[in-house]
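Novice: Chain order of the listed sequences is A and V. Residues in the first sequence are numbered consecutively from 20, following this note's numbering. Residues in the second sequence are numbered consecutively from 4, following this note's numbering.
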Amino acid sequence: EPEVTQTPSHQVTQMGQEVILRCVPISNHLYFYWYRQILGQKVEFLVSFYNNEISEKSEIFDDQFSVERPDGSNFTLKIRSTKLEDSAMYFCASSVNPAGGNTIYFGEGSWLTVV
Amino acid sequence: GQQVMQIPQYQHVQEGEDFTTYCNSSTTLSNIQWYKQRPGGHPVFLIQLVKSGEVKKQKRLTFQFGEAKKNSSLHITATQTTDVGTYFCAGRSNTGKLIFGQGTTLQVKP
Numbered sequence: 020e021p022e023v024t025q026t027p028s029h030q031v032t033q034m035g036q037e038v039i040l041r042c043v044p045i046s047n048h049l050y051f052y053w054y055r056q057i058l059g060q061k062v063e064f065l066v067s068f069y070n071n072e073i074s075e076k077s078e079i080f081d082d083q084f085s086v087e088r089p090d091g092s093n094f095t096l097k098i099r100s101t102k103l104e105d106s107a108m109y110f111c112a113s114s115v116n117p118a119g120g121n122t123i124y125f126g127e128g129s130w131l132t133v134v
Numbered sequence: 004g005q006q007v008m009q010i011p012q013y014q015h016v017q018e019g020e021d022f023t024t025y026c027n028s029s030t031t032l033s034n035i036q037w038y039k040q041r042p043g044g045h046p047v048f049l050i051q052l053v054k055s056g057e058v059k060k061q062k063r064l065t066f067q068f069g070e071a072k073k074n075s076s077l078h079i080t081a082t083q084t085t086d087v088g089t090y091f092c093a094g095r096s097n098t099g100k101l102i103f104g105q106g107t108t109l110q111v112k113p
């Protein structure tokens, strides 16, 4: 079964450093998402991306976050200057289209620890 | 903004007992999806409900969507240890965004 792949699986970074999390969505999918999950809490929407632009973002996705699809296969989330509260599991997801009836597939996540 | 509430937060059951988790949205949903997340794992899609009053079954799991499309439930009959995990409901917007509930963590004692 096709899957969303994410790298790295775990990253430890110092506060203030930049972090890039990488994702390879399922190949025929057109809609891409980033979610995060702080330990023990619910999954929270960050951003959705379609046709090389952000289609929707949450209040969490402030100016320190950015997304990019640099080469037609990778989808990246950049955190410019990490804070302690950015420590979380970050999930990339993709779907064929956003409409109901199309499953959103999640990657296995990138666990970010900011120290 | 739209909120999705889920109860209970935790449920401990003896293997063989039934389990139910409930989901309520502050607004009418176009559809609702259910995910299961094993400890240390990622959300895995279980099912989507679209129609008012819809009921779907997957083996021992029964999913319901309320008539007003603002609430949903997941019922597991005769739980097994393999059912352990956190079950999330999520309302889906027309843009594809999922608004997750807080999840119900199920523990099953053998």
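Note that the Cβ used here is the ideal one computed from N, Cα and C, for glycine as well. All of these numbers come straight from a predicted model, not from anything done at the bench.
Can you tell me the Cβ-Cβ gap for C111 (chain A) and Q33 (chain A), rounded? I've got them flagged as a contact below 8 angstroms.
Specialist: Contact doesn't hold; Cβ gap of about 23 angstroms is too wide.
Novice: Three Cβ pairs or more, each shorter than 8 angstroms: is that satisfied between the stretch 70-89 of chain A and the stretch 126-134 of chain A?
Specialist: Contact fails: fewer than three Cβ-Cβ distances are below 8 angstroms.
Novice: What are the residues of the stretch 68-84 of chain V that lie near chain A, defined by any Cβ-Cβ distance shorter than 8 angstroms?
Specialist: Within the stretch 68-84 of chain V, no residue qualifies.
Novice: I need the boundaries of the beta strand (DSSP E) containing E9 (chain A), first residue and last residue.
Specialist: Absent from the structure is residue 9 (chain A), since the part of chain A shown begins at 20 and ends at 134.
Novice: In the DSSP assignment, find the unbroken beta strand (DSSP E) run with S108 (chain A) in it and report its ends.
Specialist: The question names Ser, but residue 108 (chain A) is Met in the sequence shown. That run of the beta strand (DSSP E) goes 107-114.
Novice: Under 8 angstroms, with one C-beta from each stretch per pair, do the stretch 48-58 of chain A and the stretch 15-23 of chain V reach the 3-pair mark?
Specialist: Too few Cβ pairs lie closer than 8 angstroms, so no.
Novice: Restricting to Cα atoms, I'd like to know which of A:S92, A:V38, A:V23 is closest to L103 (chain A).
Specialist: It is A:V38.
Novice: Give me the residue from A:Q36, A:R99, A:K76 with the minimum Cα distance to G4 (chain V).
Specialist: Of the listed residues, the one whose Cα sits closest to G4 (chain V) is A:K76.
Novice: Please state whether the Cβ-Cβ distance between C26 (chain V) and Q9 (chain V) is less than 7 angstroms.
Specialist: In contact: C26 (chain V) and Q9 (chain V) (Cβ atoms closer than 7 angstroms).
Novice: Tell me, please, whether the stretch 86-105 of chain A touches the stretch 59-68 of chain V by the rule of three or more beta-carbon pairs shorter than 8 angstroms.
Specialist: No: the two stretches stay apart, fewer than three of their Cβ pairs being nearer than 8 angstroms.
Novice: Given this structure, state the Cα-to-Cα distance separating R41 (chain V) from G88 (chain V), to the nearest angstrom.
Specialist: Cα to Cα, R41 (chain V) sits roughly 4 angstroms from G88 (chain V).
Novice: What does the Cβ neighbour count give for N34 (chain V), buried or exposed, with the cut at 16 atoms within 10 Å?
Specialist: Under this definition N34 (chain V) is a buried residue.
Novice: Using a C-beta to C-beta distance shorter than 9 angstroms, which residues of chain A count as neighbours of H15 (chain V)?
Specialist: Within chain A, no residue comes near H15 (chain V); the closest Cβ sits about 17 angstroms away, beyond 9 angstroms.
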